[in-house]
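Encoded as structure tokens, the structure appears first; notes follow it.
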Amino acid sequence: MKPEIYIKDLKNHAGETVTLKGWLYNKRKSGKLRFLILRDGTGLLQCVVFKGSVSEEVFAKTADLTQEASFEVTGTIRAEERAMGGVEMDVTDFNILGESVDYPITPKEHGPEFLMDKRHLWLRSKKQMAVMRIRHRIVKAIRDFFDERGFTLFDPPIITPNAVEGTSTLFETPYFDLGMAYLSQSGQLYAEAGAMALGKVYTFGPTFRAEKSKTRRHLTEFWMVEPEMAFFDLDDDMDLAEEFLEYIVQSVLKDRKEDLITLERDVEKLEKIKRPFPRISYDEAVKILKKKGHDFQYGDDFGAPDETVIGEDYDTPVMIHRYPAAVKAFYMKRDPENPELALAVDVIAPEGYGEIIGGSQREDEIELLLERIKEHDLPQEFFEWYLDLRRYGSVPHSGFGLGLERTVSWICGLDHLREAIPFARMIYRNTP
RNA sequence: UCCACGAUAGCUCAAUAGGUAGAGCAUGCGGCUGUUAACCGCAGGGUUGUAGGUUCGAGUCCUACUCGUGGAGCCA
25 MKPEIYIKDL KNHAGETVTL KGWLYNKRKS GKLRFLILRD GTGLLQCVVF KGSVSEEVFA
85 KTADLTQEAS FEVTGTIRAE ERAMGGVEMD VTDFNILGES VDYPITPKEH GPEFLMDKRH
145 LWLRSKKQMA VMRIRHRIVK AIRDFFDERG FTLFDPPIIT PNAVEGTSTL FETPYFDLGM
205 AYLSQSGQLY AEAGAMALGK VYTFGPTFRA EKSKTRRHLT EFWMVEPEMA FFDLDDDMDL
265 AEEFLEYIVQ SVLKDRKEDL ITLERDVEKL EKIKRPFPRI SYDEAVKILK KKGHDFQYGD
325 DFGAPDETVI GEDYDTPVMI HRYPAAVKAF YMKRDPENPE LALAVDVIAP EGYGEIIGGS
385 QREDEIELLL ERIKEHDLPQ EFFEWYLDLR RYGSVPHSGF GLGLERTVSW ICGLDHLREA
445 IPFARMIYRN TP
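Just add 24 to wherever you are in the first sequence, counting from 1, and you've got this note's numbering.
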């Protein structure tokens, strides 16, 4: 039977007698007085058990209640300054539903390996619940943003016959009589087909990278949202990315501030995420690095430490555009003013969180695209369908990809991507 | 793949110069009518990651391996 009421809704129910269901977050006792902290997924509530006001039997049962045991509890809700959340319950009745013997996560410090081994239980703790609620709010903001602007959700395949970008390593799997298939590392090429059909589309789903990356910024399975728009040039693309990030951050601030505070996030820093964001060219970014005395070779891509240095002078994300074409993907359009440069943009999050968006205007001329495919040594036969998009009514178009976990990590102020997703998949971990 | 660091009680850590492995939390028992990671008392709990070596003696020094951590590269 479902609960009649949840903790988050109790504030306006002072004086009422209610029955709640949930799990024991923690307890404290003091002789004939016991404090049970109930967790029901919406909040925490202190339930007070006086020996004098419950039966001998009920009082005895509360002694057996252990951390994370499930129980139902009946009592009167009362405003109480001393309790967290401003209300507490005077218990009159109580039943244990499911025992919990030797719960491994104690209200004390634990190391990351231990907590990741117990991830399925770690998710029950206050901060992890806050992260999951913020992740959910971000996902909703992403969907709302595109839905409100005439985009159509367009789901690309996850099983694909070849590399989209040719660079990263892919997870492979045998596929019946067709040889090896690969898990998608990006839905972008398919999104381009969608944009030619529907004008403005976005993909949103998991992607897979078999790179042997071992850093706090990498997962092998992560979620990415990729809008793709017909007739958008690079400037239009950057306008959209900027508005998009502002929308996401402000939505979280509006609805999930409580969770940000639980995470001890510096909310003021997020409040500064307002348009316009600085837009600097690759050339200007290199000058900034050199001016700050960093050893950097013109023509290289920026590494994580370079990104941090470029971003550190700004309160907002920074957009870096027009990269050397040699370090970027084959499908990016060249800058008509300098064919050595690609019409690409990376958006660097503040506070050292690094690249959260990568985008570009796409090459729309078939001859140039054919050249690029040859230069990158890609098998043309796999790209025939993609080339058709240029053969039949090609138009300028652009798009970008936003890494969901990196965005969650930045907004929550996490120090590792593994906490930004319920069950992280990393090079040395695929459990639980 | 490379670099750096780490592995001691269920968990987080300590152990001075190589000399009998300790504490807090958790667990069990007892006490307490306002606790906020409650507190107080008592108790149980260890093949110091694995294998080998040096030494009268190794948690500590040496070698190899395993596992982990985060950084480079790569990327979102």
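Glycine included, every Cβ here is placed at the ideal spot set by N, Cα and C.
None of the values given here were measured: they were computed from a predicted structure.
Please report how far the alpha carbon of residue i lies from the alpha carbon of residue j, in whole angstroms.
i           : j           : result
residue 167 : residue 218 : 17 Å
residue 191 : residue 153 : Reliability fails at residue 191, whose pLDDT of 48 lies under 50, so the model's placement of it is uncertain and no value is given.
residue 146 : residue 371 : 32 Å
residue 358 : residue 390 : 13 Å
residue 96  : residue 260 : 55 Å
residue 156 : residue 115 : 30 Å
residue 227 : residue 263 : 19 Å
residue 94  : residue 46  : 5 Å
residue 163 : residue 182 : 19 Å
residue 54  : residue 456 : 38 Å
residue 294 : residue 280 : 12 Å
residue 72  : residue 83  : 11 Å
residue 418 : residue 92  : 59 Å
residue 269 : residue 87  : 50 Å
Applying the criterion that 16 or more other CB atoms from any shown protein chain within 10 Å of the CB defines a buried residue, is residue i buried or exposed?
i           : result
residue 39  : exposed
residue 318 : exposed
residue 138 : exposed
residue 208 : buried
residue 216 : buried
residue 160 : exposed
residue 202 : exposed
residue 79  : exposed
First and last residue of the alpha helix (DSSP H) that includes residue i?
i           : result
residue 289 : It is not in any alpha helix (DSSP H) - residue 289 carries neither H nor E in the DSSP assignment.
residue 263 : 258 to 279
residue 224 : Where residue 224 is concerned, there is no enclosing alpha helix (DSSP H), although the beta strand (DSSP E) it sits in stretches over 224 to 232.
residue 133 : Counting along the chain, residue 133 falls outside any alpha helix (DSSP H), and DSSP gives it neither H nor E.
residue 405 : Counting along the chain, residue 405 falls outside any alpha helix (DSSP H), and DSSP gives it neither H nor E.
Starting from the Cα of residue i, find the closest Cα among the options and give me that residue.
i           : options            : result
residue 443 : 37, 151, 43        : 151
residue 296 : 283, 311, 272      : 272
residue 434 : 89, 252, 290       : 290
residue 445 : 430, 452, 178      : 430
residue 400 : 374, 361, 350      : 350
residue 449 : 381, 67, 141, 63   : 141
residue 70  : 222, 284, 123, 112 : 112
residue 34  : 58, 123, 66        : 66
To the nearest whole angstrom, what separates the beta carbons of residue i and residue j, a pair I think is in contact under 8 Å?
i           : j           : result
residue 336 : residue 301 : Actually they do not touch by this definition, with Cβ atoms about 15 Å apart.
residue 410 : residue 213 : 5 Å
residue 331 : residue 379 : 6 Å
residue 220 : residue 367 : With a Cβ gap of about 19 Å, residue 220 and residue 367 do not count as contacting.
residue 120 : residue 42  : The pair is not a contact, with the Cβ atoms about 19 Å apart (cut-off 8 Å).
residue 185 : residue 406 : 6 Å
By the DSSP assignment, the beta strand (DSSP E) with residue i in it spans what residues?
i           : result
residue 74  : 68 to 74
residue 385 : 378 to 385
residue 319 : Unbroken run through residue 319: none, as it is neither H nor E.
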